[in-house]
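What follows is one structure encoded as structure tokens, with my remarks underneath.
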Amino acid sequence: NAGVTQTPKFRVLKTGQSMTLLCAQDMNHEYMYWYRQDPGMGLRLIHYSVGEGTTAKGEVPDGYNVSRLKKQNFLLGLESAAPSQTSVYFCASSLMGQNYGYTFGSGTRLTVV
Amino acid sequence: SQQGEEDPQALSIQEGENATMNCSYKTSINNLQWYRQNSGRGLVHLILIRSNEREKHSGRLRVTLDTSKKSSSLLITASRAADTASYFCATLLNQAGTALIFGKGTTLSVSS
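Just so you know, the sequences run in chain order X and Z. Mapped onto my numbering, the consecutive letters of the first sequence carry residue numbers 4 to 116. Mapped onto my numbering, the consecutive letters of the second sequence carry residue numbers 74 to 185.
In structure tokens:
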């Protein structure tokens with residue numbers, strides 16, 4: 004019962020580098036989400052997807068892109084990393100939307116230097 | 074901008090005491106959810122309360138919802154050291170109900 008798996012768990016990037024964070028869920032959930040968590044800021048929604056092939060912007064989408072080519076995977080990309088993107092990134096999934104709780108991954112700690 | 078705001082930001086109690094944390098939100102909701110986050114871990118869903126419910130229980134957790142005041146409270150009874158964590162309320166991003174947005178959380182410390 005893996006639930007939501009995020010890879011990698013830690014990463015250090017140099018400013019301007021690109022990378023992709025992978026989120027995989029094995030619960031057949033329709034909805035998937037990417038959040039970032041910064042000290043004192045709580046969680047902020049970056050992008051989300053309500054099904055395979057769909058994506059939508061959240062509260063703080065700038066500087067990020069996402070793709071949901073397969074139902075079980077949701078990828079978060081940083082094309083040109085900036086120090087302001089240093090954060091802990093959490094992926095979550097839910098069976099549907101509003102009437103279901105979310106299952107979260109354990110997070111990816113990203114540092115941009 | 075965050076829909077829900079928790080209060081207090083931090084709370085320290087002794088084992089066996091009750092812990093109460095509050096959440097205020099700005100717009101109308103279909104439901105409100107509470108989550109727990111242990112240090113260095115992902116969030117764990119605790120309880121969901123719908124807008125037509127006033128109170129809900131789950132084990133030692135009791136959640137109330139007052140839609141007229143746009144507020145909710147989470148009560149943890151007979152706290153244990155293992156309850157030490159951050160607690161977040163979450164409400165819907167939009168009327169379509171497609172995503173949750175979270176408050177900044179209440180950090181609870183339970184000492185033995």
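Virtual Cβ for every residue (Gly too), placed ideally from N, Cα, C.
Inset, instruction - Flag H118 of chain Z as yes if its beta-carbon sits less than 7 Å from any beta-carbon of chain X, otherwise no. - result: As a first step, residue 118 of chain Z is located in the second sequence; it is residue number 45 there, counting from the start. Answer yes: the Cβ-Cβ gap between H118 of chain Z and chain X drops below 7 Å somewhere.
Inset, instruction - For the stretch 42-71 of chain X, enumerate the residues whose C-beta is nearer than 8 Å to any C-beta of chain Z, in chain order. - result: Hits within the stretch, in order: G43, M44, G45, L46, R47, L48, Y51, V53, A59, G61 and E62.
Legend entry - Interfacial residues, the stretch 156-175 of chain Z to chain X, with Cβ spacing under 7 Å: Residues passing the 7 Å Cβ filter: F161, L165, L166, G170, T171, A172, L173, I174 and F175.
Inset, instruction - Taking 8 Å as the threshold, find out whether the stretch 45-62 of chain X comes into contact with the stretch 165-181 of chain Z through three or more Cβ pairs. - result: Touching, yes.
Legend entry - Within chain Z, the residues that Q101 of chain X reaches when beta carbons sit closer than 7 Å: The residue given as residue 101 of chain X occupies position 98 in the first sequence. By Cβ distance, chain Z contributes N103, N104, L165 and G170.
Inset, instruction - For my contact list, K161 of chain X and T111 of chain X are in at a C-beta cut-off of 8 Å; report their separation, rounded to the angstrom. - result: It is not possible to answer for residue 161 of chain X, since the shown part of chain X is limited to 4 through 116.
Inset, instruction - Return helix, strand or coil for A83 of chain Z, following the three-state DSSP convention. - result: Your numbering for residue 83 of chain Z matches position 10 in the second sequence. When DSSP states are grouped into helix, strand and coil, A83 of chain Z belongs to the strand group.
Inset, instruction - Identify each residue in the stretch 76-89 of chain X for which the Cβ-Cβ distance to at least one residue of chain Z is less than 9 Å, and report them in chain order. - result: The residues in question: there are none.
Inset, instruction - Report yes if the C-beta of S184 of chain Z is less than 6 Å from at least one heavy atom of the ligand HEM; otherwise report no. - result: Among the components of this structure there are no ligands whatsoever, and the ligand HEM is therefore not found.
Inset, instruction - Identify the contact partners of S109 of chain X in chain Z, using a Cβ-Cβ distance below 8 Å as the criterion. - result: Taking the first sequence and counting its residues from 1, the one referred to as residue 109 of chain X is at position 106. Going along chain Z in sequence order, the residues near S109 of chain X (Cβ under 8 Å) are R114 and G115.
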